[in-house]
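All residue numbers for the sequence shown refer to our numbering, where the first residue is 1 and numbers rise by one. Ideal Cβ positions, reconstructed from N, Cα and C, are used throughout, including at glycine. These notes concern the structure reproduced below.
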Amino acid sequence: MPEDYPKERIKVPRFNEESGFYTTPERSRIMSKIKGKNTKPELAFRKALYAAGYRYRIDYKNLIGKPDIALPKYKTVIFIDGEYWHGKNWEERKPNVKTNREFWIAKIERNIQRDHEVNEELKNLGYTVFRFWETDIKKNLEECLTMTLNHLKATQ
Numbered sequence: 001m002p003e004d005y006p007k008e009r010i011k012v013p014r015f016n017e018e019s020g021f022y023t024t025p026e027r028s029r030i031m032s033k034i035k036g037k038n039t040k041p042e043l044a045f046r047k048a049l050y051a052a053g054y055r056y057r058i059d060y061k062n063l064i065g066k067p068d069i070a071l072p073k074y075k076t077v078i079f080i081d082g083e084y085w086h087g088k089n090w091e092e093r094k095p096n097v098k099t100n101r102e103f104w105i106a107k108i109e110r111n112i113q114r115d116h117e118v119n120e121e122l123k124n125l126g127y128t129v130f131r132f133w134e135t136d137i138k139k140n141l142e143e144c145l146t147m148t149l150n151h152l153k154a155t156q
C-alpha cells in the first residue's frame, strides 16, 4: 500500500436514519435499484472484448474482490467502478456531502481503501489489474479497450 494510505481499516458506522430523508423501508427500496452487476458500461466493455476475440469470466468469485471481468488465461482482471461508490475525485467531492456525513464519508473511504487492498493482493498473485471509471467507458470505450488489448496481446 502507498505510504500515505492508512494501514488500519476504516470503520463504517451504522447509517443514521435521522440524518437522512427516508425511513428504512424507503431507503432500502431506493438502494435496491442501484445496480452492482451488468451495468451498461460493463456490458459495453464486455461486448467489445468478446468481439475482439477474448473470452472471460464475469464476477469471478475465485479471486479476491470478485473482478467484473477476469481473463485467467492472461492473469488479467478488469474492474469498472462507479464514480460515487469508489470515490472518483474524492477530495474535491467530499466537502459536498451534506447529509449523514459520518456514514457516507467513512463508507466511500473504506471502499477506496478496499480497492487498494484488492489491487495489491491481485498483483501479489501475479495478476494485472485494470480499473476504469464508468464515465471513461462511456466516453472513451475504444481507448480503454485498446489499453487492455495491448496488454493482452503482449502476454500471449
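Taken through DSSP and simplified to helix, strand or coil, Ile-69 comes out as strand. Going by DSSP, Arg-131 is part of the beta strand (DSSP E) stretching over 128 to 133. Membership of Ile-78 in any alpha helix (DSSP H) is not indicated; the residue belongs instead to the beta strand (DSSP E) covering 76 to 81. For Trp-104, same chain residues with a beta-carbon under 8 Å away, outside a window of 5 residues either side, are Val-97 in chain order. Per DSSP, the continuous alpha helix (DSSP H) segment holding Glu-92 begins and ends at 90 to 93. Between the region 135 to 153 and the region 71 to 83, the count of C-beta pairs closer than 8 Å reaches three or more; the two stretches touch. For Ile-10, the secondary structure class from DSSP, reduced to helix, strand or coil, is coil.
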